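In numbering that gives the first Met the number 0, the protein residues as written are 0 to 257.
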Amino acid sequence: MQQRAVNAVALLPHELHPVLTRVYAARGALDAASIAPRLATLHPPHSFSGMAAAVALLGDVLARDGRILIVGDYDCDGATGIAVGVRGLRLLGARHIDYAVPNRFVHGYGLSPALVATLAQAPDLLITVDNGIAALEGVAAARARGCRVLVTDHHLPGAALPAADAILNPNLPDETFASSALAGVGVMFYLLLGLRAALRAQGHYRDSREPDLAPLLDLVALGTVADLVPLDANNRALARAGLARMRGGRSTPGIAAL
């Protein structure tokens, strides 16, 4: 473990054991606030460079009562991302939403032309989670069938980006979002935050209660920790809030069963 200069950890609580102080410092937690960050300190959704286009696309499909299909990955990040997307979008007004998890031995990884070919009826909007940034052919195949495509992913892009209608990825070149460490489930959760903020601004909740997205945080925490992304202050805030729900007996039935 790399030792840091004494002044680098000067803002950490003095009552911490020296070993724990070094562990926190090695993980970039250099003050009391970064050890126990709150949701109020999350980077704002609108700071994503692609958020405006993503929520405009999604909002238009919702306004038309369109059909949405979420395509995920088979790992924990992908599975929790699908669950967060389906449950969250239903809370925000989606009535026709389904999901697909490709069989990598049959369809390949993520959104592929082979997967698109299996769709009996093309959805109005296809959303990827934890995949899609490398799916140039899959996105092209989906758009050829008349689907609009929203890519949400956290993997590093290649030399070319897919020709999606909108892309949300903290690792895009020249991305303005302050953290590149979000897991796929975290990007999906941010999409929901951005959509809710847009609906709020449009007056959708003037006469009704705003949907509460906090019950999704246990899934966000599970996918974030399982995907081994860096626990920077932003991810630590998400994970801390989700773990608090688990400890408090307020987790989803599946996580409670685990």
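Note that beta-carbon positions come from the ideal geometry of N, C-alpha and C, so glycine has one too.
All of these numbers come straight from a predicted model, not from anything done at the bench.
Coarse secondary structure for residue i, derived from DSSP in three states
| i | result |
| --- | --- |
| histidine 106 | coil |
| threonine 175 | coil |
| leucine 11 | coil |
| tyrosine 23 | helix |
| arginine 3 | Bear in mind that the predicted position of arginine 3 carries a pLDDT of just 49, short of 50, making it too unreliable to give a figure here. |
| histidine 45 | helix |
| arginine 63 | coil |
| arginine 244 | helix |
| glycine 58 | helix |
| valine 17 | It is proline, not valine, that sits at residue 17 in the sequence shown. In this structure, proline 17 counts as helix in the three-state DSSP scheme. |
| alanine 51 | helix |
| leucine 212 | coil |
| alanine 238 | helix |
| glycine 38 | It is leucine, not glycine, that sits at residue 38 in the sequence shown. Leucine 38 falls in the helix class under three-state DSSP. |
Cβ-based neighbour list, residue i, same chain, cut-off 7 Å, excluding 5 preceding and 5 following
| i | result |
| --- | --- |
| aspartate 30 | Leu10, Leu11 |
| valine 85 | Ile69, Ile96, Tyr98 |
| aspartate 217 | Gly241, Arg244, Met245, Ser250, Thr251, Ile254 |
| proline 122 | Arg66, Ile67, Leu68, Cys146 |
| proline 112 | Glu136, Gly137, Ala140 |
Host alpha helix (DSSP H) of residue i (start-end)
| i | result |
| --- | --- |
| aspartate 76 | 75-90 |
| leucine 135 | 135-143 |
| proline 229 | Note, proline 229: premise wrong, no alpha helix (DSSP H); not H, not E. |
| glycine 253 | 252-256 |
| leucine 114 | 112-116 |
Close beta carbons around residue i, own chain, < 8 Å, minus the five adjacent residues each side
| i | result |
| --- | --- |
| cysteine 75 | Leu221, Gly222, Ala225, Asp226 |
| arginine 195 | Leu91, Glu209, Pro210, Leu212 |
| aspartate 64 | Arg94, His95 |
| leucine 155 | Ile132, Asn170 |
| tyrosine 108 | Asp72, Pro101, Asn130 |
| alanine 159 | Leu135 |
Span of the beta strand (DSSP E) around residue i
| i | result |
| --- | --- |
| tyrosine 189 | Not the beta strand (DSSP E): tyrosine 189 falls in the alpha helix (DSSP H), residues 183-200. |
| arginine 66 | 66-70 |
| leucine 218 | No beta strand (DSSP E) holds leucine 218; the alpha helix (DSSP H) holding it covers 216-225. |
Buried or exposed (CB count within 10 angstroms, at least 16 for buried), residue i
| i | result |
| --- | --- |
| threonine 40 | exposed |
| valine 5 | Low per-residue confidence applies at valine 5: pLDDT is 48, beneath 50, and the placement is therefore not dependable enough to give any value. |
| asparagine 234 | buried |
| asparagine 130 | buried |
| tyrosine 189 | buried |
| alanine 116 | exposed |
| tyrosine 204 | exposed |
| leucine 257 | exposed |
| valine 219 | buried |
| alanine 62 | exposed |
Bridge partners - residue i, DSSP secondary structure assignment
| i | result |
| --- | --- |
| valine 258 | With the chain covering 0 to 257 only, the question about residue 258 has no answer from this structure. |
| tyrosine 204 | In DSSP, tyrosine 204 forms no bridge with anything. |
| leucine 167 | Thr151 |
| alanine 99 | Val70 |
| aspartate 30 | Leu10 |
Cβ-based neighbour list, residue i, same chain, cut-off 6 Å, excluding 5 preceding and 5 following
| i | result |
| --- | --- |
| phenylalanine 176 | Ser46, Phe47, Pro169 |
| alanine 163 | Val138, Val148, Val150 |
| asparagine 100 | Strictly speaking, residue 100 in this sequence is valine, with asparagine absent from that position. Excluding sequence neighbours, valine 100 sits near Gly71, Tyr73. |
| leucine 192 | Pro44 |
| isoleucine 126 | Ile69, Leu149 |
Beta carbon proximity, residue i to chain B, threshold 8 Å
| i | result |
| --- | --- |
| threonine 175 | Protein chains in the displayed structure number just one, and chain B is not present. |
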